[in-house]
Amino acid sequence: MCLSLSVCAVTIIHFSKSIYISLLFIVLFSLVYGLLEPKKGWILAFIQIAIIITGYWVLQLAGYQALKPDEAVFVSHVSFFPSLAASFLTSFLFKPS
Numbered sequence: 018m019c020l021s022l023s024v025c026a027v028t029i030i031h032f033s034k035s036i037y038i039s040l041l042f043i044v045l046f047s048l049v050y051g052l053l054e055p056k057k058g059w060i061l062a063f064i065q066i067a068i069i070i071t072g073y074w075v076l077q078l079a080g081y082q083a084l085k086p087d088e089a090v091f092v093s094h095v096s097f098f099p100s101l102a103a104s105f106l107t108s109f110l111f112k113p114s
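Quick note: the sequence shown uses my numbering, first residue 18, plus one each step.
Encoded structure:
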């Protein structure tokens, strides 16, 4: 599931017309990771970050130009912060007793 959501996030980043849409989906997917794995959601967030950054550069090297290249590179590299924050927050709030 982590792999498919991360590939979806890369696709959204690549074809999105706004930074906010991309960041919204990154945060939503990270919230899902925190709910799925309350004790280890941060590991899934790190996997998501690695896939997003790697996926962006693989698409660039393959010749696929993003709709807004400057915003796409910004979102793909800044996704580190909202992804970890959302997964930590969700895993903290929904931690099993």
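Don't be surprised by glycine CBs; every beta carbon is placed ideally from N, CA and C.
All values reported here derive from a predicted model rather than from experimental measurement.
Please confirm whether residue i and residue j have their CB atoms less than 9 Å apart.
i: Gln65; j: Ala26; result: yes
i: Tyr73; j: Val95; result: no
i: Val92; j: Ser33; result: yes
i: Ile36; j: Ile69; result: no
Between which residues of its own chain and residue i is the CB-CB distance below 8 Å, once the five residues before and five after are set aside?
i: Trp59; result: Leu101, Ser104, Phe105 and Ser108
Once DSSP output is grouped into helix, strand and coil, what is the label at residue i?
i: Tyr81; result: coil
i: Glu54; result: coil
i: Ile99; result: Reading off the sequence shown, one finds Pro at residue 99, where the question assumed Ile. Helix.
i: Phe111; result: coil
i: Ser21; result: helix
i: Ser33; result: coil
Which residue wins for smallest C-alpha separation from residue i, given the options the options?
i: Phe111; options: Gln82, Ala67 and Val49; result: Val49
i: Glu88; options: Ile30, Val24, Cys19 and Leu20; result: Ile30
i: Cys19; options: Lys85, Pro86, Leu41 and Ala67; result: Ala67
i: Val24; options: Phe97, Tyr81, Ala79 and Thr71; result: Thr71
Counting only the same chain and skipping the five closest in sequence on each side, list residues whose C-beta sits under 7 Å from that of residue i.
i: Leu52; result: Thr107 and Phe111
i: Ala62; result: Ser47, Tyr50, Ser100, Leu101 and Ser104
i: Ala83; result: His31 and Ala89
By Cβ distance, which residues of its chain are closer than 6 Å to residue i, with the 5 residues on each side in sequence left out?
i: Pro86; result: none
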